[in-house]
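Input: a single structure, listed below in structure tokens.
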Amino acid sequence: MQLPKTISTPAATVPCSTDVQLSNAAGDEYLIQVSWPLAWEDNVDSRPSVPIFYVLDGNAHFFTLVETVRRGLAVAASTDAVVVGIGYPDCGHYVFGNRRGYDLTPPTSTYVPPRSWDGKEFTLPHGGATELLDFIQNIVRPHLLSEILPGFQPVKEVLAGHSFGGLCALHALFSHAYCFDTFIAISPTIWWNDHFLLREEKDFVQHMASHSGKRPLSLYLSYGYYEQYPKRRKTYSDEEYAKRLAHALSLRTNDDIEDMADRLGQSNLFNVVKAKGYADEDHGSVAACGLGWAVCDALDDDRFA
Numbered sequence: 006m007q008l009p010k011t012i013s014t015p016a017a018t019v020p021c022s023t024d025v026q027l028s029n030a031a032g033d034e035y036l037i038q039v040s041w042p043l044a045w046e047d048n049v050d051s052r053p054s055v056p057i058f059y060v061l062d063g064n065a066h067f068f069t070l071v072e073t074v075r076r077g078l079a080v081a082a083s084t085d086a087v088v089v090g091i092g093y094p095d096c097g098h099y100v101f102g103n104r105r106g107y108d109l110t111p112p113t114s115t116y117v118p119p120r121s122w123d124g125k126e127f128t129l130p131h132g133g134a135t136e137l138l139d140f141i142q143n144i145v146r147p148h149l150l151s152e153i154l155p156g157f158q159p160v161k162e163v164l165a166g167h168s169f170g171g172l173c174a175l176h177a178l179f180s181h182a183y184c185f186d187t188f189i190a191i192s193p194t195i196w197w198n199d200h201f202l203l204r205e206e207k208d209f210v211q212h213m214a215s216h217s218g219k220r221p222l223s224l225y226l227s228y229g230y231y232e233q234y235p236k237r238r239k240t241y242s243d244e245e246y247a248k249r250l251a252h253a254l255s256l257r258t259n260d261d262i263e264d265m266a267d268r269l270g271q272s273n274l275f276n277v278v279k280a281k282g283y284a285d286e287d288h289g290s291v292a293a294c295g296l297g298w299a300v301c302d303a304l305d306d307d308r309f310a
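Throughout the sequence shown, residue numbering follows our numbering, covering 6 to 310 in sequence.
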């Protein structure tokens with residue numbers, strides 16, 4: 006069957022969801038996608054307190070989280086949730102916005118540009134993560150709770166991200182300045198800017214250890230085995246694969262995540278710290294399984310080990 010040159014049928018819709026465009030202080034527009042439990046009735050008083058999941062790179066991951074939450078209700082002990090995607094209205098035919106390199110990386114006084122396996126340097130804009138997090142907390146969250154879901158108060162607030170989004174989620178955690186109490190970082194790019202994030206982690210632990218009245222925190226980390234030990238494709242020459250492997254080993258993605266989980270798990274600052282590695286998954290493919298595992302565990306803490 007030959008497809009028509011243009012498709013003019015109405016777009017599919019997801020029940021109990023909406024989207025809105027909001028602007029930050031600089032006037033940059035974001036696509037905010039929101040879903041809420043299918044079981045909610047129109048009466049505001051009937052809406053129970055459930056968690057909110059804010060997911061970065063919403064164009065790529067919003068529907069993944071919505072489906073994960075709703076499928077999870079097949080398990081009686083699982084909790085329902087609101088899902089909020091933080092994305093872009095101008096992605097075109099691609100699910101990743103070209104502003105994400107700036108939006109999802111922490112501000113820093115020094116910067117070492119990332120390089121690919123063949124030595125190519127990527128000179129991307131960077132340093133806007135704090136601005137994005139301020140936008141979520143000061144503009145998105147109030148709009149959500151007053152205009153979209155008036156009267157609703159979340160029982161838990163979760164920030165989730167993959168890759169640079171995971172880096173941003175960890176930056177939010179280590180900033181200890183935001184409303185989130187649970188953090189999901191799938192394949193976070195801890196290697197970014199010469200492992201700058203490890204300095205934020207150290208400052209965070211020292212700060213939290215000296216302050217009483219700490220909020221209970223939870224952290225989920227995951228990665229794919231092939232991130233640090235890439236599969237050799239049939240098209241790779243011996244020389245190319247050796248370079249790719251050396252580059253992946255130098256980033257230490259898997260080791261960094263396991264080491265961070267060990268350190269933070271021993272810090273006595275968290276209710277939950279869990280890390281999970283996935284065999285036969287790479288940086289891109291682990292996003293779905295890592296998010297699925299972490300979301301299900303956050304909604305039902307007795308479901309997995």
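A virtual CB, placed ideally from N, CA and C, is assigned to each residue, including glycine.
Beta carbon of residue i nearer than 8 angstroms to that of residue j
{"i": "G92", "j": "Q38", "result": "yes"}
{"i": "V210", "j": "L70", "result": "no"}
{"i": "G106", "j": "F169", "result": "yes"}
{"i": "F140", "j": "L164", "result": "no"}
{"i": "S223", "j": "F275", "result": "yes"}
{"i": "G156", "j": "R220", "result": "no"}
{"i": "A266", "j": "A284", "result": "no"}
{"i": "T258", "j": "Q233", "result": "yes"}
{"i": "H167", "j": "D62", "result": "yes"}
{"i": "S85", "j": "A44", "result": "Sequence inspection shows Asp at residue 85; the Ser mentioned does not correspond to that position. Contact flag set, yes."}
{"i": "D199", "j": "V117", "result": "yes"}
{"i": "H212", "j": "H181", "result": "yes"}
{"i": "R249", "j": "W122", "result": "yes"}
Closest by C-alpha distance to residue i, when choosing among the options
{"i": "L36", "options": "Y246, L149, T240, A266", "result": "L149"}
{"i": "C325", "options": "H66, Y59, E72", "result": "With the chain running from 6 to 310 in the structure shown, residue 325 is simply not present."}
{"i": "A17", "options": "F68, D267, W41, A31", "result": "F68"}
{"i": "P112", "options": "R257, F201, P159, D302", "result": "F201"}
{"i": "E126", "options": "W197, A310, G282", "result": "W197"}
{"i": "C173", "options": "A79, T135, A303", "result": "T135"}
{"i": "D287", "options": "R238, A303, G270", "result": "R238"}
{"i": "H66", "options": "V100, Q142, D85, R249", "result": "V100"}
{"i": "T187", "options": "A44, L203, D306", "result": "D306"}
{"i": "Y183", "options": "L138, G97, V278", "result": "L138"}
{"i": "S114", "options": "E34, S151, P94, R204", "result": "R204"}
{"i": "R146", "options": "L27, R120, P42", "result": "L27"}
{"i": "R104", "options": "W122, K248, N64", "result": "N64"}
{"i": "L175", "options": "V278, P119, W122", "result": "V278"}
{"i": "D264", "options": "R249, V74, G282", "result": "G282"}
{"i": "G289", "options": "T240, Y231, Q271, Y241", "result": "Y231"}
N- and C-terminal bounds of the beta strand (DSSP E) containing residue i
{"i": "A30", "result": "Run containing A30: none; DSSP gives neither H nor E here."}
{"i": "A165", "result": "162-167"}
{"i": "G297", "result": "Where G297 is concerned, there is no enclosing beta strand (DSSP E), although the alpha helix (DSSP H) it sits in stretches over 291-304."}
{"i": "G92", "result": "87-92"}
{"i": "V80", "result": "Where V80 is concerned, there is no enclosing beta strand (DSSP E), given that its DSSP letter is neither H nor E."}
{"i": "Q38", "result": "34-40"}
{"i": "Y234", "result": "Looking at the DSSP string, Y234 is not in any beta strand (DSSP E), and its letter there is neither H nor E."}
{"i": "V278", "result": "277-283"}
{"i": "I57", "result": "57-61"}
Residue i in three-state terms, based on DSSP
{"i": "I141", "result": "helix"}
{"i": "I195", "result": "coil"}
{"i": "E126", "result": "strand"}
{"i": "L269", "result": "helix"}
{"i": "R308", "result": "coil"}
{"i": "Y99", "result": "coil"}
{"i": "F68", "result": "helix"}
{"i": "S180", "result": "helix"}
{"i": "A190", "result": "strand"}
{"i": "T23", "result": "strand"}
{"i": "L224", "result": "strand"}
{"i": "R52", "result": "coil"}
Whole-angstrom C-beta distance between residue j and residue i, which should lie under 8 angstroms
{"i": "P235", "j": "A253", "result": "5 angstroms"}
{"i": "G295", "j": "S227", "result": "4 angstroms"}
{"i": "G229", "j": "S255", "result": "Incorrect: roughly 17 angstroms between the Cβ atoms, too far for contact."}
{"i": "V87", "j": "I57", "result": "5 angstroms"}
{"i": "R308", "j": "A82", "result": "7 angstroms"}
{"i": "V60", "j": "G90", "result": "5 angstroms"}
{"i": "V160", "j": "V55", "result": "6 angstroms"}
{"i": "I144", "j": "N29", "result": "7 angstroms"}
{"i": "G77", "j": "L304", "result": "6 angstroms"}
{"i": "Y246", "j": "I189", "result": "No, Y246 and I189 are not in contact; Cβ-Cβ is about 32 angstroms, not under 8 angstroms."}
Endpoints, alpha helix (DSSP H) assigned at residue i
{"i": "A247", "result": "243-256"}
{"i": "G106", "result": "105-108"}
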